[in-house]
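Trainee: Okay, handing you the structure first.
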Amino acid sequence: MRQMQGAAKKASVDAIYRQGRPDVLRLGTASRGEKGGSSPSRGRGVSIVEVDINWFSCPICFRLLSPPVFQCKRGHLACGGCRAGNCRKCKGGGKRFLARNMVVEDIISVSKFKCPHIGCHEFFSYPDLLAHRDGCHLAPCFCAEPGCNFEAPPPRLFIHLDVEHSWPAYRFTYGKDNWITWPLSKQRRLLLAVEDDCVFVLVVGALGAVTAVSVVCVRKVGGSSQPRYTAVLGASGPPLPGGAAGRTITSPMETVTSSDRPGEVAVDKLPCVLAVPSTYLMAGVDGASKEVSLMIQIKKIP
Ligand SMILES: [Zn+2]
Ligand SMILES: [Zn+2]
Ligand SMILES: [Zn+2]
Ligand SMILES: [Zn+2]
243 MRQMQGAAKK ASVDAIYRQG RPDVLRLGTA SRGEKGGSSP SRGRGVSIVE VDINWFSCPI
303 CFRLLSPPVF QCKRGHLACG GCRAGNCRKC KGGGKRFLAR NMVVEDIISV SKFKCPHIGC
363 HEFFSYPDLL AHRDGCHLAP CFCAEPGCNF EAPPPRLFIH LDVEHSWPAY RFTYGKDNWI
423 TWPLSKQRRL LLAVEDDCVF VLVVGALGAV TAVSVVCVRK VGGSSQPRYT AVLGASGPPL
483 PGGAAGRTIT SPMETVTSSD RPGEVAVDKL PCVLAVPSTY LMAGVDGASK EVSLMIQIKK
543 IP
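Per our numbering, the sequence shown runs over residues 243 to 544.
Written as structure tokens, this is what we have:
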């Protein structure tokens with residue numbers, strides 16, 4: 243496993259933020275047979291118009307308008323769930339949302355909406371957007387280190403934790419054995435998947451008499467469209483007398499759990515860990531602290 247260096251790491255992660263603009267709604271009919279989740283192409287003979295999605299947000303609940311859509315006497319819009327209140331845009335108040343606005347409902351029903359998460363450039367029909375949004379791999383997560391309120395999509399949070407909190411950071415490839423020599427003075431390490439910029443946290447800590455190790459995926463918890471991850475954790479003991487390689491223990495993880503707060507991930511709260519006996523710990527390079535030789539393999543199951 244390769245430890246990442248500053249500029250290369252930032253360029254790699256920033257690449258996903260370069261395309262598209264935020265908060266855009268595309269109007270117009272997409273090509274026949276197009277499914278939600280892909281960028282809409284120009285339909286046959288129909289122009290695509292891009293507008294600010296805020297034009298279609300409800301001024302009362304601030305969510306995207308969804309049919310049925312109502313309007314007050316002066317034409318201000320509100321979603322069905324908010325129609326009982328008075329219009330806040332009308333000076334003097336008192337204007338109720340009494341009429342349906344079928345044109346806006348039609349526009350919404352044929353439109354593609356951009357995922358609201360920074361860095362995600364996918365467009366969806368409104369029902370598909372609701373299904374995608376919570377499971378989006380770029381939904382913001384929280385640093386949660388003591389005193390820090392930083393939040394960002396996982397690849398940005400990865401940089402933040404490395405740069406601001408000095409978490410050691412590595413790149414890895416799904417399905418391969420990755421070995422790390424880990425000084426136990428550092429509790430957590432960051433892993434960034436080469437293939438898709440998904441972020442994981444390796445965590446180590448004392449669990450009774452043993453040293454326990456586990457891994458967690460950094461992403462918003464929930465969402466039916468999220469991939470599942472499995473992992474195998476291993477540790478190698480010191481060389482045996484005579485120079486033979488040390489013994490290795492491994493532990494499979496059927497499901498890697500998720501957390502959107504990596505700064506709070508602690509090994510004693512995780513359901514599945516690799517227990518490393520004290521005989522597997524070796525003296526660190528400074529002679530004072532211990533270190534352990536660890537193997538991690540993560541698989542992605544779409
Ligand atoms: Zn509303
Ligand atoms: Zn009004
Ligand atoms: Zn998304
Ligand atoms: Zn922070």
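Even for Gly, the Cβ is constructed at its ideal location relative to N, Cα and C. Just so we're clear, the structure is a prediction, and the values are computed from it rather than from any experiment.
If I measure Cβ to Cβ from Pro545 and keep anything under 7 Å in the same chain, skipping five residues before and after, which residues do I get?
Mentor: Absent from the model: residue 545. The displayed extent of the chain is 243 to 544, so no value can be given.
Trainee: Over what stretch of residues does the alpha helix (DSSP H) that includes Phe211 continue unbroken?
Mentor: In the structure as shown, the chain begins at 243 and stops at 544. Residue 211 is therefore absent and cannot be evaluated.
Trainee: Below 8 Å, can you find three or more Cβ-Cβ pairs linking the region 469-478 to the region 386-403?
Mentor: Taking 8 Å as the limit for Cβ pairs, the verdict is that the region 386-403 does not touch the region 469-478.
Trainee: Use the C-beta contact count for Ser283: other C-beta atoms within 10 angstroms, 16 or more gives buried, fewer gives exposed.
Mentor: Indexing the sequence shown from 1 puts residue 283 at position 41. Interpretation of Ser283 is limited by its pLDDT of 44, a score under 50 that renders its predicted location unreliable; the figure taken from the coordinates is listed afterwards. Exposed.
Trainee: Does DSSP put Ala517 in a helix, a strand or coil?
Mentor: Sequence index remark: in the sequence shown, residue 517 carries index 275 (1-based). In the structure shown, Ala517 sits in a strand (DSSP, three-state: E or B).
Trainee: Quick check: what's the CA-CA separation for Leu433 versus Val458?
Mentor: Looking up residue 433 in the sequence shown gives position 191. Looking up residue 458 in the sequence shown gives position 216. Going from the Cα of Leu433 to the Cα of Val458 covers about 10 Å.
Trainee: Drop a sphere of 10 angstroms on the beta-carbon of Asn391, count the other beta-carbons inside from all chains shown, and report buried for 16 or more, exposed for fewer.
Mentor: Here the question's residue 391 lines up with position 149 in the sequence shown. It is exposed - the Cβ of Asn391 has fewer than 16 other Cβ atoms within 10 Å.
Trainee: Determine whether the beta carbon atoms of Gly334 and Ile302 lie at a separation below 9 Å.
Mentor: Counting from 1 along the sequence shown, the entry for residue 334 is found at position 92. Counting from 1 along the sequence shown, the entry for residue 302 is found at position 60. Cβ atoms of Gly334 and Ile302: not closer than 9 Å.
Trainee: Nearer than 8 Å: is that true of the beta carbon of Arg305 relative to any heavy atom of ligand 1?
Mentor: If you number the sequence shown from 1, residue 305 lands on position 63. Because some heavy atom of ligand 1 lies under 8 Å away, the Cβ of Arg305 counts as near it: yes.
Trainee: State the DSSP-derived secondary structure class of Gly505, mapped to helix, strand or coil.
Mentor: Residue mapping note: residue 505 aligns to position 263 of the sequence shown, counting from 1. Three-state result, Gly505: helix.
Trainee: Only counting the same chain, and skipping five residues up and downstream in sequence, which positions put a Cβ closer than 7 Å to that of Tyr522?
Mentor: Mapped onto the sequence shown, residue 522 falls at position 280. These residues qualify, in order along the chain: Ala477, Gly479 and Val534.
Trainee: Just confirm the distance between the C-beta atoms of Val443 and Pro382, as a whole number of angstroms; I'd bet it's less than 8 Å.
Mentor: The sequence position of residue 443 within the sequence shown is 201, counting from 1. The sequence position of residue 382 within the sequence shown is 140, counting from 1. Wrong, their Cβ atoms sit about 16 Å apart, outside the cutoff.
Trainee: Smallest Cα separation from Lys315: which of Arg305, Phe304, Gly323 and Cys332?
Mentor: Here residue 315 refers to the residue found at position 73 of the sequence shown. Of Arg305, Phe304, Gly323 and Cys332, the residue nearest in Cα terms is Cys332.
Trainee: Would the C-beta of Leu380 count as close to ligand 3, meaning under 8 Å from any of its heavy atoms?
Mentor: Here residue 380 corresponds to residue number 138 of the sequence shown, with the count starting at 1. Correct: Leu380 has its Cβ closer than 8 Å to ligand 3.
Trainee: Here's the rule I'm using: 16 or more other beta-carbon atoms within 10 Å means buried, otherwise exposed. How should Met344 be labelled?
Mentor: Here residue 344 refers to the residue found at position 102 when the sequence shown is read from its first residue. It counts as exposed.
Trainee: Work out the CA separation of Gln313 and Arg338 for me, nearest whole Å.
Mentor: Within the sequence shown, the letter at position 96 stands for residue 338. Within the sequence shown, the letter at position 71 stands for residue 313. Whole-angstrom Cα-Cα distance: 8 Å.
Trainee: Around ligand 4, which residues pass a check of Cβ closer than 6 Å to any of its heavy atoms?
Mentor: Listed by chain position, these are Cys385, Glu387, Cys390, Phe392, His402, Glu406 and His407.
Trainee: Quick check: the Cα distance between Thr497 and Leu307, rounded to an integer number of angstroms?
Mentor: As a working note, residue 497 is residue 255 in the sequence shown. As a working note, residue 307 is residue 65 in the sequence shown. Each residue's alpha carbon lies about 37 Å from the other.
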